[in-house]
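Working notes for the structure below.
In the working numbering, the protein residues as written are 4 to 129.
Laid out in structure tokens, this is it:
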């Protein structure tokens, strides 16, 4: 069993970081920039979607952050992963919404608890 769980989406992209003057500037985060394999030949990476987090309540109180012990990854459909941080993101989400098949909504009997955390406001980004 898992102590914590997070929704993720399969991700094959190459992540870069601009290090400015640190260690020769720009560098690959999840790859060696001197080796360029095909995306499908790379190890599977997962992108945290932020859609759902689950954790043992006692463990959360003890550790005071959302990831501790064994963390299970709960894969989701990458087509449904959208970051909405600015008006352009919202416009893209609105354009894509009609193309996604709506899944059946849970009934009230299916829901035991709802916990919301908007950009770490409840967890102080932990």
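In this text, a Cβ means the ideal position worked out from N, Cα and C, and glycines have one as well.
Kindly say whether residue 92, judged by its beta-carbon, lies nearer than 8 Å to any beta-carbon of chain D.
-> No chain D is part of this structure, which consists of one protein chain only.
Looking at the structure shown, is residue 53 part of a helix, part of a strand, or coil, going by DSSP?
-> strand
Could you check which residue in 71, 65, 43 has the C-alpha nearest to that of residue 56?
-> 71
Where residue 111 sits in the DSSP three-state scheme = helix
Check residue 90 in the structure and name its three-state DSSP category.
-> helix
Which class does residue 40 belong to by DSSP, given the choice of helix, strand or coil?
-> coil
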